[in-house]
Structure formats: structure tokens, C-alpha cells
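Undergrad: Sending over a structure as C-alpha cells; questions will come in a sec.
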Amino acid sequence: MRNVFSSEMIKLKRSYIGYIHIATMIVYPVVLAFLLGLNKYIKTPQTIMIDFFIIISIASPVMISILAAIFNDREVKAGGYKNILSTPYAPVNIVLIQVVFYILLYFCEIILSFIIYWLVLRLLFNIMFLPFYYCFLFCIFFASLSIVQYFMSFIIAKIFNTTGVLIFGFMGFILSCLSETVIFDSSWTVVPWAWQIRTIALFKINIVSNENQFVDYIILYIPAIIITIVIILIVRKIFKISFK
Numbered sequence: 001m002r003n004v005f006s007s008e009m010i011k012l013k014r015s016y017i018g019y020i021h022i023a024t025m026i027v028y029p030v031v032l033a034f035l036l037g038l039n040k041y042i043k044t045p046q047t048i049m050i051d052f053f054i055i056i057s058i059a060s061p062v063m064i065s066i067l068a069a070i071f072n073d074r075e076v077k078a079g080g081y082k083n084i085l086s087t088p089y090a091p092v093n094i095v096l097i098q099v100v101f102y103i104l105l106y107f108c109e110i111i112l113s114f115i116i117y118w119l120v121l122r123l124l125f126n127i128m129f130l131p132f133y134y135c136f137l138f139c140i141f142f143a144s145l146s147i148v149q150y151f152m153s154f155i156i157a158k159i160f161n162t163t164g165v166l167i168f169g170f171m172g173f174i175l176s177c178l179s180e181t182v183i184f185d186s187s188w189t190v191v192p193w194a195w196q197i198r199t200i201a202l203f204k205i206n207i208v209s210n211e212n213q214f215v216d217y218i219i220l221y222i223p224a225i226i227i228t229i230v231i232i233l234i235v236r237k238i239f240k241i242s243f244k
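Shown next, in the form of C-alpha cells:
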């Protein structure tokens with residue numbers, strides 16, 4: 001795993017993808033923080049959490065699909081996943097570790113981006129947040145809900161190439177937007193693109209201040225855990241077949 005991670009880090013440094021990740025991680029929270037800080041509307045710890053995460057929820061499906069498309073294009077141009085097939089290890093395991101690498105990168109981006117957002121609003125505009133440990137845990141919870149999108153996007157890219165995965169990402173973008181409406185009120189728990197954006201309900205109706213409501217709402221995400229595990233197993237099987 002360490003060798004795969006090191007290899008991916010080197011590839012990131014040699015491409016523009018790494019710079020895009022860094023720029024996004026810094027520019028987004030700074031710009032958003034200044035827009036909110038200079039705006040005169042009333043800000044609460046809940047609303048500033050919503051403002052930060054709702055945009056990421058909507059943008060993530062497209063960004064993940066673009067990343068999967070770039071990854072697949074890179075491997076295809078290298079000789080049809082030749083780099084992976086030439087290793088002494090099972091190709092499916094190498095690919096899955098690569099996917100995990102980008103998932104962990106997403107986790108780091110969410111956490112570091114939020115810290116920058118928190119610092120700018122707290123130090124420059126003296127805006128209060130919820131307790132930092134809660135915000136940190138929420139970042140991890142929020143990021144974990146993207147895992148299924150990564151695995152689906154990478155296998156779609158492998159099967160249907162760039163066009164297919166970009167269409168898939170745009171579909172996820174639309175579903176994510178619609179998930180904020182009443183359309184998915186009764187079915188959002190089984191729609192992966194709805195999981196992230198629905199987390200903002202924790203702040204919209206201030207569930208976080210009521211322990212019983214908070215626990216009840218988190219329990220709603222049990223199907224998400226089951227679906228994620230099932231999809232990972234399915235994706236692993238498809239990757240394994242595709243490398244035979």
C-alpha cells in the first residue's frame with residue numbers, strides 16, 4: 001500500500017491534478033469565508049456550516065467523476081493499465097488501493113479546507129462556530145459519505161471511459177441538487193448522491209442541540225453503510241473480471 005501511495009503522490013506532482021487540488025482546497029474556503037464575513041446577514045454557527053458543506057455536496061459528484069476520468073485516461077494512455085498489470089500483485093488490489101488513496105486525499109481536503117474556513121471567519125470576522133471537535137468529526141462523517149461515489153465513478157470510467165463517467169458525474173450533480181427538495185424525502189437514504197447534502201439537515205433544524213434527535217437522524221444513515229459495503233464488493237468483482 002505504501003508503494004502505491006508513493007507512486008500516486010509522484011504522479012500527482014508531475015501532473016496538474018495536484019495543483020488543482022491544492023488551489024481548490026485554499027481558494028474555496030478563503031473566498032467563501034470573505035463573502036460570508038463581509039455580508040451583513042445574521043450568521044449563526046448552523047448557517048455557516050450549511051453554507052460551507054452544501055456547495056461541496058453539489059460539486060462533489062462532478063469533481064469525483066472528472067478525477068476518475070483523468071485517472072482512467074492516464075492508465076489507458078500508459079498502455080491499457082499496463083502499469084498495474086505488470087506488477088507482481090493482484091491488479092484489482094492495486095486499483096482499489098489507488099481509489100483509497102484518492103478517497104483519503106478527499107478527506108484531507110475537506111478537513112484542511114474547513115480549517116482554513118474556520119480560521120478566516122473566526123480570526124478575521126470573529127464569527128462563532130460550533131465546538132471545533134464537533135466540526136472535525138462532522139468533516140470526517142461528511143467525507144465518508146463520498147466513498148461510494150469514488151468506487152462507482154472509477155469503475156464507470158474503466159467500463160465506459162471518459163464520456164461515460166462524466167455523464168455519470170453530471171447525473172450525480174442533478175440528483176444531489178434534487179435531493180435537497182421534497183422529491184427524495186422518503187427515499188434519500190438509498191440514493192448515494194443525497195447522503196452528503198442531506199447532512200445539512202442536522203443544522204437546518206438544529207438537530208445537533210437535541211441528543212435524541214441527533215441519534216435518530218444518524219441512524220438513518222445505516223442503509224448508507226450497507227449500500228457502500230455492497231457496492232465496494234460489486235466494484236471489486238467487476239474490476240477483477242475486467243483484468244482477466
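To convert, note that position 211 of the sequence shown is 211 in the UniProt record's numbering; the numbers rise steadily by one, no gaps. Note that beta-carbon positions come from the ideal geometry of N, C-alpha and C, so glycine has one too.
#1: For a minimum of 3 consecutive residues, which ranges assigned as the beta strand (DSSP E) are wholly contained in the segment 141 to 208?
#2: With a threshold of 7 Å on Cβ separation, who are the neighbours of MET128 within its own chain once the five nearest residues in sequence on each side are excluded?
#3: State the DSSP-derived secondary structure class of LEU220, mapped to helix, strand or coil.
#4: Closest to VAL235 by CA distance: which of TRP188, TYR16, ASN93 is it?
#5: So, under 8 Å CB-CB, ILE183 and CYS139 are touching, yes? Tell me the CB distance rounded to an integer number of Å.
#6: Alpha carbon to alpha carbon, how far is VAL230 from PHE34? Give it in angstroms, no decimals.
#7: Would you say GLN149 and ILE56 are within 9 Å of each other, going by their C-beta atoms?
#8: Going straight from the alpha carbon of PHE154 to that of VAL99, what length do you get?
#9: Going by DSSP in three states, SER6 sits in which element: helix, strand or coil?
#10: Enumerate, from N- to C-terminal direction, the unbroken alpha helix (DSSP H) stretches of 4 or more residues contained entirely within the segment 67 to 106.
#11: On the CB-based measure, 16 or more other CB atoms within 10 Å of its CB, does ASN126 come out buried or exposed?
#12: Name the two residues that bound the continuous alpha helix (DSSP H) containing ILE20.
#13: I believe PHE170 touches VAL62 by the beta-carbon criterion, under 8 Å. Please report the beta-carbon distance rounded to the nearest angstrom.
#14: With the cut-off set at 9 Å, would you say ILE227 and PRO192 are in Cβ contact?
#15: Is the distance from the Cβ of LEU121 to the Cβ of ILE50 below 9 Å?
#16: Quick check on DSSP: helix, strand or coil for TYR41?
#17: Look at PHE243 and ILE84 and say whether their C-beta atoms are less than 9 Å apart.
#18: Between ASN39 and CYS135, what straight-line distance do the alpha-carbon atoms span, to the nearest angstrom?
#19: Nearest by alpha-carbon distance to residue 274: which of ARG74, ILE115, ILE167 is it?
#20: Take LEU36 as the anchor and find which of MET9, VAL165, SER65, LEU124 has the nearest alpha-carbon.
#21: Using the rule of at least 16 other Cβ atoms within 10 Å of the residue's Cβ for burial, across every protein chain shown, is MET9 buried or exposed?
#22: If you compare alpha carbons, which of LYS77, SER187, SER113 is closest to VAL31?
#23: Among the residues of its own chain, which have a CB less than 7 Å from the CB of ARG2, if the five just before and after it don't count?
TA: With the structure as the only source:
#1: none
#2: As a working note, residue 128 is residue 128 in the sequence shown. Closer than 7 Å at the Cβ level, and outside the excluded window around MET128, lie PRO45.
#3: To locate residue 220, count along the sequence shown from 1; it is residue 220. LEU220 falls in the coil class under three-state DSSP.
#4: Translated into the one-based positions of the sequence shown, residue 235 becomes position 235. Checked all of TRP188, TYR16, ASN93; the closest Cα to VAL235 is ASN93.
#5: In the sequence shown, counting from the first residue as 1, residue 183 sits at position 183. In the sequence shown, counting from the first residue as 1, residue 139 sits at position 139. Not really, about 27 Å apart at Cβ, beyond 8 Å.
#6: By 1-based counting over the sequence shown, the position of residue 34 is 34. By 1-based counting over the sequence shown, the position of residue 230 is 230. If I take the Cα positions, the gap works out to 41 Å.
#7: Residue 149 sits at position 149 when you count from the first residue of the sequence shown. Residue 56 sits at position 56 when you count from the first residue of the sequence shown. No, Cβ-Cβ distance for GLN149 and ILE56 is not below 9 Å.
#8: The residue labelled residue 154 in the question sits at position 154 within the sequence shown. The residue labelled residue 99 in the question sits at position 99 within the sequence shown. Roughly 7 Å separates the two Cα atoms.
#9: Taking the sequence shown and counting its residues from 1, the one referred to as residue 6 is at position 6. In the structure shown, SER6 sits in a helix (DSSP, three-state: H, G or I).
#10: 82 to 85
#11: On the sequence shown, position 126 is the one that residue 126 refers to. So ASN126 ends up on the exposed side.
#12: The residue labelled residue 20 in the question sits at position 20 within the sequence shown. Looking at the DSSP string, the run of the alpha helix (DSSP H) that includes ILE20 is 17 to 38.
#13: Here residue 170 refers to the residue found at position 170 when the sequence shown is read from its first residue. Here residue 62 refers to the residue found at position 62 when the sequence shown is read from its first residue. About 7 Å; that satisfies the 8 Å criterion.
#14: Residue 227 sits at position 227 when you count from the first residue of the sequence shown. Residue 192 sits at position 192 when you count from the first residue of the sequence shown. For ILE227 and PRO192, yes; Cβs fall inside 9 Å.
#15: Start at 1 with the first residue of the sequence shown, and residue 121 comes out as number 121. Start at 1 with the first residue of the sequence shown, and residue 50 comes out as number 50. No, the Cβ-Cβ distance between LEU121 and ILE50 is not below 9 Å.
#16: Numbered from 1 along the sequence shown, position 41 holds the residue referred to as residue 41. TYR41: coil per DSSP, three-state reduction.
#17: Locating residue 243 in the sequence shown gives position 243, where the first residue counts as 1. Locating residue 84 in the sequence shown gives position 84, where the first residue counts as 1. Contact flag set, yes.
#18: Taking the sequence shown and counting its residues from 1, the one referred to as residue 39 is at position 39. Taking the sequence shown and counting its residues from 1, the one referred to as residue 135 is at position 135. So the alpha carbons of these two residues sit roughly 22 Å apart.
#19: Only positions 1 to 244 of the chain appear in the structure, and residue 274 is not among them; the question remains open.
#20: Position 36 of the sequence shown, counted from the first residue, corresponds to residue 36. Considering only alpha carbons, the answer is LEU124.
#21: Taking the first residue of the sequence shown as position 1, residue 9 is located at position 9. Burial call: exposed.
#22: Counting from 1 along the sequence shown, the entry for residue 31 is found at position 31. When only C-alpha atoms are compared, the closest one is SER113.
#23: The count along the sequence shown starts at 1 and reaches residue 2 at position 2. Contacts found: none.
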